[in-house]
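Here the protein sequences line up with chains A and B, keeping their order.
For reference, each letter of the first sequence is one residue, going 628 to 744 in the numbering used here.
For reference, each letter of the second sequence is one residue, going 628 to 744 in the numbering used here.
Here a beta-carbon is modelled for each residue, glycine too, at the ideal position from N, C-alpha and C.
Number of protein chains: 2
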Amino acid sequence: MPNQVAGAGHRAAPVHTDPEDVSVLTALSAVSDPVRLTLIRELAGSADWTRSCGSFDVPVGKAALSHHFSVLRGAGLVEQRDEGPKRVNRLRREEFEKRFPGLLALLLRDEGAVDAE
Amino acid sequence: MPNQVAGAGHRAAPVHTDPEDVSVLTALSAVSDPVRLTLIRELAGSADWTRSCGSFDVPVGKAALSHHFSVLRGAGLVEQRDEGPKRVNRLRREEFEKRFPGLLALLLRDEGAVDAE
């Protein structure tokens, strides 16, 4: 019996949105959430394809996490692929920067300042 | 009897937040709303202090509009003052730009592209 609960893979391949097709409102909505901001920041500090969905330190359940990744894909921020039982991620740094210059830098520049200010 | 319903003034003076005290998450949440994005864009196209709260073309009631302006003040984006019966506005362009470089430009650059893309 496949380990569907513990593993994150063996699902339909994730659907992606090209950053060029993302509106500014969609991009802003995607990044104006504390959990997604944490995901983006952790991804930015990791090499491409090294982080599985389960490796992030965020206080949400599996279904909510899946939703957050879906929003990030829909905003052209994150690309995912399945590697065996794991779904691994990369931040679409260059493509997103080309579409929304400076936005990613703002998100990463203020690291740790969300609660402190 | 004062015309409290039709007029927008004669309330307690609005409370403002300095952009320097605004977190990136607060700023992003403030601008990731279609009504507030419209308010920001209309303000950006108007001279300071020329736009009263009732002069914006947004599909919301008075209470909701008041809330949206409160959010914009809280993000350091808008300054308001009462002039007779009217509450007039200005976009805090320079202060906000200093705190979040490039963000306002992103919001204004994509004008009209929210639904089209």
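Using alpha carbons as the reference points, say which of the options lies closest to residue i.
i       : options                               : result
L692(B) : E710(B), G672(B), R678(B) and L666(B) : L666(B)
L655(A) : R638(A), D675(A), S682(A) and L699(A) : L699(A)
T677(A) : P641(A), G729(A) and E706(A)          : E706(A)
E710(B) : P686(B), C680(B), L730(B) and V687(B) : C680(B)
E722(A) : D645(A), T653(A), L735(A) and S682(A) : D645(A)
V642(B) : F727(B), R714(B), P728(B) and R726(B) : R714(B)
Taking the alpha helix (DSSP H) that residue i falls in, what are its first and last residues?
i       : result
E724(A) : R720 to R726
V705(A) : Taken as a continuous stretch (DSSP letters only), V705(A) belongs to no alpha helix (DSSP H), being part of the beta strand (DSSP E) at V705 to E710.
F696(A) : K689 to G701
P661(A) : P661 to A671
R736(A) : L730 to R736
V658(A) : V651 to V658
Give a yes or no on whether the C-beta atoms belonging to residue i and residue j are separated by under 7 Å.
i       : j       : result
A690(A) : A657(A) : no
L670(A) : N716(A) : yes
V606(A) : V662(A) : Outside the modelled stretch of chain A, which goes from 628 to 744, sits residue 606(A), for which no answer is possible.
R719(B) : L733(B) : no
L731(A) : E724(A) : yes
S659(B) : S673(A) : no
E647(B) : R708(B) : no
DSSP has residue i in a bridge; who is on the other side?
i       : result
V715(A) : S679(A) and R708(A)
Residues of the region 652-686 of chain B with Cβ closer than 9 Å to any Cβ of chain A, in chain order: Cβ contacts with chain A come from L652, T653, A654, L655, S656, A657, V658, S659, D660, P661 and L664.
Short of 9 Å Cβ to Cβ, which residues in the region 707-735 of chain A face chain B? Legend: CB atoms of the region 707-735 of chain A lying less than 9 Å from CB atoms of chain B belong to residues F727, P728, G729, L730, A732, L733 and L734.
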